[in-house]
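Q: This structure is in structure tokens; I'll ask about it shortly.
Chains as they are written, first to last, in the numbering used here: chain A, 303 to 618; chain B, 154 to 486; chain C, 50 to 544.
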């Protein structure tokens, strides 16, 4: 009997804390599942943020959900709203267009929405936007290569998968190269952000072009395939292979100076999901708002600053 | 009462019948001529070897796939299977290479290769048993394992890449990059697998049984053929081929990622069907499969060697060529 | 209600091969015609032209004195001409009503009117004497019932001329009798029937007049009553067909028992079956469709679950768990379903012949030369007529396919061979060849089991005939007791 009383009072206590929880922040995080190293980084950094922030703020609860396709993500948003009763959301949308409506519905229920990386087609569906800098992602390598080669040289380019993101990067790169009349882009083909495809494309570039000064692989994964193709063909004309995104392996290579072809990289770290969660959570706990747009700058990584970009525990 | 005369081939159709057999080869020759005209580097020995070497993976898998499709089955999981085998090999070799066998990198690589072959055959045999004993459609079984294999690899790799240790890479890389008599090792192995496959299909009781089952499973059953055993063996054989392809693939980049082997199943199936094997089973040629596989990689090679077509249209060109070749070798009704 | 047809100088060419040469004859309304001819005589082609499946290369078809050229079966149907195929054109997964109205569905407000279609279907089923629910899926029907559905379907299209290609090939005597009653009723209603059959006794019983074709030409026509069966056969073959059956040579009195079955039980099909067969003996199995004959033997070779029974070959108990084990012990079974279970029609003759015994030719590579030699021998021994030894099995006529199937199932050199409906869909010349072959097998000391629905075949060929009914052995009749009446009596339970 005594025991029963105990249980009852315990549950009453639980009820009262639940009632008090109205001021707590329940933050939903909706991101893609880990299917390649970049998204794996996103998942890792999101969970890293959850761990740290929940420890620091007892009033905060972070719920991380991953989805493997746009419709699944849309369903997940509804679940977060109705089941988990979130009052703040950080979302990395699969596609801009198809997720604009589902996100808008969440916002209409009074949830504070931060959108990461891919902007929605209707910006009124979001409270804040946090993104990496895709223009710098293309511009920095172009400027770097122009400087390295004194405004003269033949470059081959590997592109990712046909998307607006890829177009933004390529246009920025192309824009800079055009200002140097002696620099030439020999060709730009899709390597699908995939090592194997990059290997094949590079093999064929090597067959086709007898002289190449530099390769813009536009992705650290693709750079792996490119390097293998170059070493197989034993070509010595190529002086520089520029990847992109600042993957752990590439940053380490720059730090150690272990490959003469890899001297620089540009950051586009999945860590921005960490930043977005942290910014949103801390602002909401104080009842504040975020600026409408936050751009996490892309930075040129060289031997001098590589250490700041090396996270050995992250899968990326 | 069947009408025999309707089925005697008309003289005018005879040459078409022959075209049917050489269609893929004809398509390949036309493509090669076109490639040479578009870029004189196409016809160089180095480029040919590049193309053949990269065809080796899909080609070897497609030889195994020929048996499965001939027997009326299908396997959608080969790409994921290759990824998982590659990941498992790398994990095992890294563990052994930094542990007890650190002083014997060659032995480590040998064990890795053995693991690839055993895993492939075991995965294939599991498919076969689920299909024959479990009575589940091959499409469904392998669609299921397609997801399972890739998910397990992604989990093993934490979503990132599994990379082979440098010392091991140095020992292992000649398997992909080495050459005998100027011809890369993967090409030799591809040729060997194709020849053995053709011999097995055309000149052994097993091959005949495979064809009989694909042509009409019921008749084969009544003719005292061990249908379940033969079907299971075709899947195990395909698994073994995936293992061989993977052990050639790993030394190329020394890593496995969740995108390893993506869509290989479709490329392998396309090579088999473009090569003249009927998707419904019962009729097919290993030689055609080899031509089909080469044809598919020649298309993307030519597209990479030229820039006359917008890169956005690459896939459309590939699709078009596949349809034209399939048209050339379509079986007469 | 009735329809008059005249063929005038009809020729049909497939590429360089002319299969019909200026065929001319007329058909009067409200009669039953038997169309006779060996396989390849051109009967089916002529009927396909009449029903719109093929177009004549030359000549004219007259329907009720109007020149007609049908470009498709739908057009022929609109004129009241319907062909019922030997292999039915029914969608197995659809219901009877859905099949009958396939392509002619009754609609109300743009939606299917199932009630009306079911009512109409019941009406047509009554006409053909089939008491089944219109909603029954066709795959649940037995062959004879499917045939009735085909006829009901024809009636629903207002058929005035019905072409029936081998309608009784898969029917038991009782079912055949019911079909004949229906045919007579249709004739009384003014429907013209063209009846193609190899079974001359049936032609004699049901038709008013016969039309004989040979090698793509019209040979003759005559009132059925004026010709004997022997004359019909002679007209079809174009020469004198001597006795259809070989003389019956009894097995030696001391011939050993080769195969014995004790207390075989097959769930749903066979309650308790025991029999034995001696060397040199031909044992027949009679019974209606559904009596469990085929199912019993499929169970014996392990293709069907059995709940009891043991077997002995040459006195030794044997376990027959799958067709391979059966073959190893010297027992092979040739199915009644030649294209579905007996032969790979898409494979070559050689591949078919050696399929069961490939290990004999694999060392470990297959010895194609030895295989070809075996085929050459089989072609000679079994009298397989083929233009090209490298052709596919589907190129052969029905009779020659059956001979190839026989050669295939005898290639393992079995001690016991089970032949299920060995002459189904085979013309009279090939039939005779097969009967002589069967006798030769017995003479070689094999035990031969023949399952057949043709009573004359069982009577003419077998030393003993076991009659099954409803999953039970009714009796075993010796040669001197074999009559059609006795067989039908035991098979139907009216003895």
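Glycine is no exception: its CB is placed at the ideal position from the N, C-alpha and C atoms.
DSSP state of residue 567(A), grouped into three classes?
A: Working through the first chain from its first residue, we reach residue 567(A) at position 265. In this structure, residue 567(A) counts as strand in the three-state DSSP scheme.
Q: Could you check if residue 231(B) belongs to the surroundings of the ligand PLP, using beta carbon to heavy atom distance under 7 Å?
A: Of the ligands one can find in the structure shown there are none, so the ligand PLP has no counterpart to examine.
Q: Straight-line CA distance for residue 475(C) to residue 219(B)?
A: In the third chain, residue 475(C) corresponds to position 426, counting from 1. In the second chain, residue 219(B) corresponds to position 66, counting from 1. Roughly 37 Å between the two C-alpha positions.
Q: Flag residue 550(C) as yes if its beta-carbon sits less than 8 Å from any beta-carbon of chain B, otherwise no.
A: Nothing about residue 550(C) can be read from this structure; chain C reaches only from 50 to 544.
Q: Using a Cβ-Cβ cutoff of less than 7 Å, which residues in the same chain neighbour residue 63(C) once the five nearest sequence positions on both sides are dropped?
A: Taking the first residue of the third chain as 1, we reach residue 63(C) at position 14. Closer than 7 Å at Cβ, skipping near neighbours: no residue.
Q: Based on Cα-Cα distance, which residue from 466(C), 493(C), 479(C), 282(C) lies nearest to residue 347(C)?
A: In the third chain, counting from the first residue as 1, residue 347(C) sits at position 298. Comparing Cα positions, the closest option is 466(C).
Q: Under 7 Å between beta-carbons, which chain B residues line up against residue 339(A)? List them in chain order, please.
A: Here the question's residue 339(A) lines up with position 37 in the first chain. What residue 339(A) touches in chain B: 312, 313, 314, 410.
Q: Can you name, in chain order, every residue of its own chain whose Cβ lies under 8 Å from the Cβ of residue 540(A), other than the five neighbours on each side?
A: Your numbering for residue 540(A) matches position 238 in the first chain. So the qualifying residues of the chain are 514, 515, 516, 517, 532, 563.
Q: Report the partner residues of residue 115(C) according to the DSSP bridge assignment.
A: Along the third chain, one-based indexing puts residue 115(C) at 66. DSSP lists 112(C) as partners of residue 115(C).
Q: What are the boundary residues of the alpha helix (DSSP H) that includes residue 308(B)?
A: As a position in the second chain, residue 308(B) is number 155, starting the count at 1. Unbroken alpha helix (DSSP H) run through residue 308(B): 291 to 309.
Q: Residues in its own chain within less than 6 Å of residue 483(C) by CB, not counting five upstream and five downstream?
A: Translated into the one-based positions of the third chain, residue 483(C) becomes position 434. Excluding positions up to five away in sequence, the list reads 471, 472.
Q: Give me, in chain order, the residues of the same chain whose beta-carbon lies closer than 6 Å to that of residue 595(A); leave out the 5 immediate sequence neighbours on both sides.
A: Here the question's residue 595(A) lines up with position 293 in the first chain. Contacts found: 431.
Q: For residue 175(C), count neighbouring C-beta atoms within 10 Å of its own C-beta (all shown protein chains included) and say buried if the count is 16 or more, exposed if not.
A: Indexing the third chain from 1 puts residue 175(C) at position 126. With fewer than 16 other Cβ atoms within 10 Å, it is exposed.
Q: Check distances from the C-beta atoms of the region 200 to 224 of chain B to those of chain A and list, in chain order, the residues that come in under 7 Å.
A: Of all residues in the region 200 to 224 of chain B, 200, 203, 207 have a Cβ within less than 7 Å of some Cβ in chain A.
Q: So, is the C-beta of residue 285(B) closer than 8 Å to a C-beta in chain C?
A: As a working mapping, residue 285(B) is identified with position 132 in the second chain. Not one chain C Cβ lies under 8 Å of residue 285(B).
Q: Helix, strand or coil for residue 509(C) per DSSP?
A: Indexing the third chain from 1 puts residue 509(C) at position 460. Correct three-state label for residue 509(C): helix.
Q: Would you mind working out which of 374(B), 349(B), 310(B) sits nearest residue 390(B), comparing C-alpha positions?
A: Here residue 390(B) refers to the residue found at position 237 when the second chain is read from its first residue. Comparing Cα positions, the closest option is 349(B).
Q: Mind checking if residue 483(A) is an interface residue toward chain B, Cβ cutoff 8 Å exclusive?
A: As a first step, residue 483(A) is located in the first chain; it is residue number 181 there, counting from the start. Residue 483(A) does not count as touching chain B.
Q: Under 9 Å Cβ-Cβ, which residues of chain A neighbour residue 323(B)?
A: As a first step, residue 323(B) is located in the second chain; it is residue number 170 there, counting from the start. Ordered by position in chain A, no residue passes the 9 Å Cβ test against residue 323(B), which lies about 12 Å from the chain.
Q: What is the DSSP secondary structure of residue 156(C), counted as helix, strand or coil?
A: Here residue 156(C) refers to the residue found at position 107 of the third chain. The answer is strand: DSSP assigns residue 156(C) an E or B state.
Q: Under the DSSP definition of a beta bridge, which residues are partnered with residue 144(C)?
A: Translated into positions along the third chain, residue 144(C) becomes position 95. Residue 144(C) is bridged to 186(C).
Q: List, in chain order, every chain C residue whose beta-carbon is nearer than 8 Å to that of residue 357(B).
A: Counting from 1 along the second chain, the entry for residue 357(B) is found at position 204. In chain order: 411, 413, 414, 415.
Q: Is the CB of residue 613(A) under 8 Å away from at least one CB in chain B?
A: Here residue 613(A) refers to the residue found at position 311 when the first chain is read from its first residue. Chain B contact via Cβ: absent.
Q: Please decide whether residue 233(B) counts as near chain A, where near means a Cβ-Cβ distance under 8 Å.
A: Here residue 233(B) refers to the residue found at position 80 of the second chain. No, residue 233(B) does not count as interfacial toward chain A.
Q: I'd like to know whether the C-beta atoms of residue 268(B) and residue 260(B) end up nearer to each other than 8 Å.
A: Against the second chain, residue 268(B) aligns to sequence position 115. Against the second chain, residue 260(B) aligns to sequence position 107. Cβ distance not < 8 Å, so residue 268(B) and residue 260(B) don't count as in contact.
Q: Ignore the nearest five residues each way along the sequence and tell me which others in residue 339(A)'s own chain have a CB closer than 7 Å to its CB.
A: Residue mapping note: residue 339(A) aligns to position 37 of the first chain, counting from 1. Within the same chain, residue 339(A) has close Cβ partners 523, 549, 617, 618.
Q: Which of the three DSSP states is assigned to residue 417(B) in this structure?
A: Within the second chain, numbered from 1, the residue matching residue 417(B) stands at position 264. Looking at residue 417(B) - three-state DSSP - the assignment turns out to be helix.
Q: Determine whether the Cβ of residue 491(A) lies closer than 8 Å to any Cβ atom of chain B.
A: On the first chain, residue 491(A) is found 189 positions in, with the first residue counted as 1. At least one chain B Cβ lies under 8 Å of residue 491(A).
Q: For residue 542(A), which of helix, strand or coil comes out of DSSP?
A: In the first chain, counting from the first residue as 1, residue 542(A) sits at position 240. Reduced to three states, the DSSP call for residue 542(A) is strand.
Q: Quick one: which chain B residues come within Cβ less than 7 Å of residue 390(C)?
A: In the third chain, counting from the first residue as 1, residue 390(C) sits at position 341. Per Cβ cutoff of 7 Å: 371, 372, 375.
Q: The alpha helix (DSSP H) with residue 82(C) in it runs from where to where?
A: In the third chain, the residue the question calls residue 82(C) occupies position 33. Residue 82(C) -> not in any alpha helix (DSSP H); beta strand (DSSP E) instead, spanning 81 to 85.
Q: Pull up the DSSP beta-bridge partners for residue 266(C), would you.
A: Here residue 266(C) is taken as the residue at index 217 of the third chain, counted from 1. Paired residue(s): 263(C).
Q: Note down, in chain order, all residues in the region 405 to 435 of chain B with a beta-carbon under 8 Å from any beta-carbon belonging to chain C.
A: Those would be 435, in chain order.
Q: Anything in the region 370 to 388 of chain C with a Cβ closer than 9 Å to a Cβ of chain B? List those residues in chain order, please.
A: Cβ contacts with chain B come from 371, 372, 373, 374, 375, 376, 377, 381, 382, 383, 384, 386, 388.
Q: Suppose the cutoff is 6 Å on Cβ atoms and the five residues either side in sequence are ignored; what does the same chain contact list for residue 248(B) look like?
A: Residue numbering aside, residue 248(B) sits at position 95 when the second chain is read from its first letter. Excluding positions up to five away in sequence, the list is empty.
Q: Since residue 146(C) and residue 184(C) are thought to touch, with beta carbons under 8 Å apart, how far apart are those beta carbons, to the nearest angstrom?
A: For the purposes of this step, residue 146(C) is taken as residue 97 along the third chain, with counting starting at 1. For the purposes of this step, residue 184(C) is taken as residue 135 along the third chain, with counting starting at 1. Going by Cβ atoms, the distance from residue 146(C) to residue 184(C) rounds to 7 Å, so yes, they are a contact pair.
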